[in-house]
Amino acid sequence: MVGEEHVNYRGLYRVYDEGVIEKSSEEDVAWAPVVNLLQANIHLKDLVYDCQSQFPPSLLRALHEQHPQCRLHHLTFRFRTLLWGVPFPYEMELATSPSLYRVTIPCALRDSDYDDDFNLEAMMELTAGLAPNLKEVIILNLKPQDCSRSSRPRGSWQGLPGFTAGKVGSLTSLSLKGDSRLSSPTMLQNWARYTDFSCLKHLTLGGWCGADEYALGGETVEWVAQNHSFPRVKTLRIYLTRDYLHHARPHYSEHAVSFFQAFESLEELSVDWPIDSRILDSVLSYHGQTLKKLSLHSLHPLEENRRVDRDRRDIPFEFTKDCIIQIGAQCPVLEELAIPVKRNQSSASEAEMYRCFGRMKSLRFLFLILDCSNFRVTRDSTYNPEFDEEDQKPLADTVPFLCLKRGELKATFINCAVDEALARSIWKTISQNKTGRRLERLKLWPTGGGKYGCKTRNGVTWTILYMVQNMARSWILERVLRDDEEEGFTVRELEKHRRMASDKDNVRFLSDFHDSEVWEVFRSIWPPKEGSKDWRDDWSSFPLQI
188 MVGEEHVNYR GLYRVYDEGV IEKSSEEDVA WAPVVNLLQA NIHLKDLVYD CQSQFPPSLL
248 RALHEQHPQC RLHHLTFRFR TLLWGVPFPY EMELATSPSL YRVTIPCALR DSDYDDDFNL
308 EAMMELTAGL APNLKEVIIL NLKPQDCSRS SRPRGSWQGL PGFTAGKVGS LTSLSLKGDS
368 RLSSPTMLQN WARYTDFSCL KHLTLGGWCG ADEYALGGET VEWVAQNHSF PRVKTLRIYL
428 TRDYLHHARP HYSEHAVSFF QAFESLEELS VDWPIDSRIL DSVLSYHGQT LKKLSLHSLH
488 PLEENRRVDR DRRDIPFEFT KDCIIQIGAQ CPVLEELAIP VKRNQSSASE AEMYRCFGRM
548 KSLRFLFLIL DCSNFRVTRD STYNPEFDEE DQKPLADTVP FLCLKRGELK ATFINCAVDE
608 ALARSIWKTI SQNKTGRRLE RLKLWPTGGG KYGCKTRNGV TWTILYMVQN MARSWILERV
668 LRDDEEEGFT VRELEKHRRM ASDKDNVRFL SDFHDSEVWE VFRSIWPPKE GSKDWRDDWS
728 SFPLQI
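Numbering (the numbering used here), first residue to last: 188 to 733.
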């Protein structure tokens, strides 16, 4: 998902890795300076706790006694003693504290030590009234390393002390991230037994780096559309999938349209999905007038063809100039937008798409996902680009299974080449055509280079991928007010240190393995410059045709 925080959903995870912190222990006493601060004559509205150690008893006592109205945001919450039947008293004291307002909790069916983890079940019961002021819950559903090695049946959940079956809570924010098992409606059905969905204002369903198995499946989408409405939800973040693996979904679009109609007047919407025009039309017509933030990321269907029972001829939805104009027309108060834009070798038509963003009067923050993929190479039988005789030649030695032409690889290189000069040109093209409010920030993220809609193992070589990684650079541009009161802007490459570290390894590989066909294509675009150290000094973006 665009902007998703980093969580290692498949790393090592041990839920019972340490004991419960004891009152007046050395660890608890170490928090004395913070406790003393809370005992001062200050008004504290919120306390955010993001430490891996358990929340200290002395700090909890200070909150209860000195700041009873303070809201505790516990971002590393979890029970450590659920395997022992009744949780330790302090864990229950913390979990049922009237101060507890927001929690982020990792959980799994089983951890890396093969121990059952019941934190999810415990959290459901807490939301139903045991934690009286708990309003915001983020569930990080993990699939830990080594967890599947044990085949024994999972134990049964015994319940928390004091829980009364049938009570329903009133969460205002619920996020189910990671391996949330949302392919079927069972997980949401379980949550509906513990919290009233009509009270929710913020909802996140699914998501982990665009992984198909962590998205909302067709059966779940259909169930939500038919059984629930969310009248108060203003912020929705959703991952959808057509879930080809087990079932064909001929009514996917119809159910997706109904799903979004279960929400009323959204103000913020973030969707990672296989989109089509029907779904886009419905979202804009149903929610466009109230949307202030919109993030649309049309996921590529997975290239690894694990879905052997279906012919994968899908071509990802392309946001055209007309789509951008439509968004601008139907979203009059839109301030923040994230959207894919198809790169087209810096052509005049590509430049015109950037101009369209300038006509969005309320827009201030823009995130452009620069799509450099070309699925038509393998998935469109009518695809026949006009190349000259040389560029029509296939790269037979380099990618024999793909039948990639020289001209198609050349287009990939040109599209992936995103340097500072191009970033500045895109900013100026938008800003110079901007009406209404000024553009404050622009993020550019090139992606999809070397993806042609085929199986990964029969796709492009490492040489192509490593070259693309160097050229496809991400940028952030921000407006600033200079001392002379004239407006300027700053430009910064994102994750530059990570790219440079990767370059060191990749350059060694490229020096050992020489794909002559690939280098011939590269040099046909960018001949060596005088004084350059290697190919990385030779390339530059094609100027935007404005």
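Glycine residues also receive a C-beta, built at the ideal position from the N, C-alpha and C atoms.
Query: Tell me whether the beta-carbon of Ile663 lies closer than 8 Å to the beta-carbon of Arg685.; Result: no
Query: Do you know whose CA, among Val678, Thr650, Glu674, Gly394, lies nearest Ser698's CA?; Result: Thr650
Query: Name the two residues that bound the continuous alpha helix (DSSP H) containing Val520.; Result: Where Val520 is concerned, there is no enclosing alpha helix (DSSP H), given that its DSSP letter is neither H nor E.
Query: Can you look up Phe450 in the DSSP assignment and give me helix, strand or coil?; Result: strand
Query: Select from Asn228, Ala217, Val216, Gln256 the residue whose C-alpha is nearest the C-alpha of Leu234.; Result: Gln256
Query: For a quick check, are the C-beta atoms of Leu347 and Ala309 less than 8 Å apart?; Result: yes
Query: One question on the structure: do Thr616 and Arg710 come within less than 8 Å of each other, judged by their Cβ atoms?; Result: no
Query: Taking all protein chains shown into account, do 16 or more other C-beta atoms lie within 10 angstroms of the C-beta of Met311, making it buried, or fewer, making it exposed?; Result: buried
Query: Rounded to the nearest angstrom, what separates Thr263 and Asp237 at their Cα positions?; Result: 6 Å
Query: What residues match up with Ala525 in a beta bridge as DSSP calls it?; Result: Ser482, Phe554
Query: Would you kindly check if the distance between the Cβ of Asp558 and the Cβ of Pro527 is under 8 Å?; Result: yes
Query: Comparing alpha-carbon positions, which option in Leu427, Thr351, Glu537 lies nearest Pro461?; Result: Leu427
Query: Which complete alpha helix (DSSP H) runs does the region 586 to 638 hold, if anything under 4 residues is left out?; Result: 593 to 603, 607 to 619
Query: The beta strand (DSSP E) spanning Pro293 covers which residue range?; Result: 287 to 294
Query: If I follow the unbroken alpha helix (DSSP H) through Lys364, where does it start and stop?; Result: That residue, Lys364, is in no alpha helix (DSSP H); its beta strand (DSSP E) goes 360 to 365.
Query: By Cβ distance, which residues of its chain are closer than 8 Å to Leu387, with the 5 residues on each side in sequence left out?; Result: Leu358, Thr359, Ser360, Leu361, Phe417, Arg419, Val420
Query: Exposed or buried, which one is Gln476 when buried takes at least 16 other CB atoms within 10 Å?; Result: exposed
Query: With His684 as the anchor, note down where its alpha helix (DSSP H) starts and where it stops.; Result: 683 to 699
Query: The alpha helix (DSSP H) spanning Arg248 covers which residue range?; Result: 244 to 253
Query: Would the beta-carbon of Val408 fall within 8 Å of that of Phe446?; Result: yes
Query: Which first and last residues belong to the alpha helix (DSSP H) in which Tyr653 is found?; Result: 649 to 658
Query: Where are the beta strand (DSSP E) runs, 3 residues long or more, that stay fully inside the region 303 to 382, in chain order?; Result: 323 to 328, 360 to 365
Query: Kindly indicate the opening and closing residues of the alpha helix (DSSP H) around Thr407.; Result: 405 to 414
Query: Relative to the C-alpha of Met658, which candidate in Cys510, Ser727, Asn561 has its C-alpha closest?; Result: Ser727
Query: Go ahead and pull the three-state DSSP assignment for Thr268.; Result: coil
Query: Do you know whose CA, among His442, Asp383, Leu652, lies nearest Val705's CA?; Result: Leu652
Query: Since Ala610 and Leu631 should fall inside the 8 Å C-beta cutoff, what is the C-beta to C-beta distance between them, to a whole number of angstroms?; Result: 6 Å
Query: Ignoring anything shorter than 3 residues, give me the beta strand (DSSP E) runs that lie fully in the region 189 to 245, in order along the chain.; Result: 233 to 236
Query: Roughly how many whole angstroms lie between the Cα atoms of Ser371 and Asn328?; Result: 15 Å
Query: Between Asp496 and the rest of its own chain, which residues show a CB-CB distance below 6 Å, the 5 nearest in sequence each way excluded?; Result: For Asp496, the predicted structure reports a pLDDT of 39, less than 50, and the residue's modelled location is therefore unreliable. The matter cannot be settled from this model.
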